[in-house]
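Student:
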Amino acid sequence: MKITITDLKNLCKFSLASGNAVIPFISFMYLGDDNLVSLKSFSVFSGSLFMAMASQAFNQVIEWKQDKIMTRTCNRPIPIQRLTRLQGGLIGFAFYTASNVLMYNCLPINALAINNFIFFSYLGIYTTLKTRSPINTLIGAVIGALPVVLGAACVNNDSLYNLGMWGNFGFMFSWQINHFYGIYWKYQKDYLRAGFKMVNDSAAASRHMKICLAINGLSWFGTASQHSQPELKFISCISGLLSLYFWNYRAIKLFEVDPSKNANYLKKASYNFFLVYYTLLLIDIGIKRYQKQQNH
-10 MKITITDLKN
0 LCKFSLASGN
10 AVIPFISFMY
20 LGDDNLVSLK
30 SFSVFSGSLF
40 MAMASQAFNQ
50 VIEWKQDKIM
60 TRTCNRPIPI
70 QRLTRLQGGL
80 IGFAFYTASN
90 VLMYNCLPIN
100 ALAINNFIFF
110 SYLGIYTTLK
120 TRSPINTLIG
130 AVIGALPVVL
140 GAACVNNDSL
150 YNLGMWGNFG
160 FMFSWQINHF
170 YGIYWKYQKD
180 YLRAGFKMVN
190 DSAAASRHMK
200 ICLAINGLSW
210 FGTASQHSQP
220 ELKFISCISG
230 LLSLYFWNYR
240 AIKLFEVDPS
250 KNANYLKKAS
260 YNFFLVYYTL
270 LLIDIGIKRY
280 QKQQNH
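Heads up: the sequence shown at position 215 corresponds to 204 in my numbering, and the numbers run straight through without jumps.
1. Between residue 84 and residue 39, is the Cβ-Cβ spacing less than 7 angstroms?
2. Quick one: is the Cβ of residue 274 within less than 6 angstroms of any heavy atom of the ligand SAH?
3. Closer than 8 angstroms by C-beta to residue 51: which residues in its own chain qualify, once you throw out the five before and the five after it? Chain order, please.
4. What whole-angstrom Cβ distance do residue 29 and residue 23 have, given they're in contact under 8 angstroms?
5. Output the boundary residues of the alpha helix (DSSP H) element that contains residue 334.
6. Is there contact here, the region 76 to 93 with the region 44 to 61, by at least three beta-carbon pairs under 8 angstroms?
7. In three-state terms, what does DSSP make of residue 54?
8. From the DSSP output, in three-state form, read off residue 226 for me.
9. Which residue's Cα is closest to the Cα of residue 156: 173, 146, 195 and 206?
10. Under 7 angstroms, do residue 213 and residue 226 count as touching if we go by C-beta distance?
11. Taking the C-alpha atoms as reference points, what is the distance between residue 132 and residue 96?
12. Residue range of the alpha helix (DSSP H) that residue 131 falls in?
13. Across the region 257 to 269 and the region 220 to 235, are there enough close Cβ pairs to call them in contact, namely three or more that are closer than 8 angstroms?
14. Beta-carbon within less than 6 angstroms of residue 182's beta-carbon, same chain only, minus the 5 sequence neighbours each way: which residues are those?
15. Contact check, residue 139 vs residue 103 under 8 angstroms by CB: the rounded distance?
16. Less than 7 angstroms between the beta carbons of residue 160 and residue 126, yes or no?
17. In chain order, what residues of the same chain lie with their CB nearer than 7 angstroms to the CB of residue 110, ignoring the 5 residues before and after it?
18. Please identify the residue among 238, 114 and 273 whose C-alpha is closest to the C-alpha of residue 218.
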């Protein structure tokens, strides 16, 4: 059977992988001073993208039985036999190799190591735990926040100690908890039917999200304190307070009323929360780049 571009996109979850690649790229631009268009910038984005695509391909090779059972995943290429598991593995390996070649030749060795650590942790720890323990959500959030660290490592070792970078890490970690619970409680029966071990106590899920609300607040204001302009720091703090209330606290309270009914709102609110945070970060990056050009 002929492999189509659509098959490749669905196997590697191109949209999700692209989102995963944007995070280290923004972290790299935020902490470094490289041009937007350069070999190093290209290597950061492409290397991250190819590794994310490889991890998604291998994940579908591993979880094909669960994907076949779940309504939301049953039309993926391997369950419907558009691709074999061997083909999926070979495609994943090709992207894995391309990522390593790019990063080895153009980026610091620490970046290469962290990129591989994310890959093997995602497949070897998170994917394995999904059918064994509800702690997989916590582990997955940590692994999902590591692309921020990857972006810092692409700059230099000193960037790994930057307060703004750790603010970004804390934000990504805590954001993923709300985001995933929004997805999980919307498709809870699907996940249970496939045998995934998740937190099924809505009260426990709510407690987790409230802890993450505090982490989100600290992370947001930690990042705001590192912005280049006093006006942007002020705007970021006000935006943070409003976002934390409307798209975090309020979403959690609605979830507590009816988890299944309001799960979709929780997921959508997490997107708005994410968008505001990263828009402010991009504005700060733009200001820094503009000031650099003016100084030259």
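We put the CB at the ideal spot given by N, CA and C, even for glycine. Being a predicted model, the structure only gives us computed values, none of them experimental.
Tutor: The short version:
1. yes
2. The ligand SAH is not among the ligands present in this structure, which contains no ligands whatsoever.
3. 112 and 116
4. 5 angstroms
5. With the chain running from -10 to 285 in the structure shown, residue 334 is simply not present.
6. yes
7. helix
8. helix
9. 206
10. yes
11. 21 angstroms
12. 125 to 142
13. yes
14. 58
15. 5 angstroms
16. no
17. 132
18. 273
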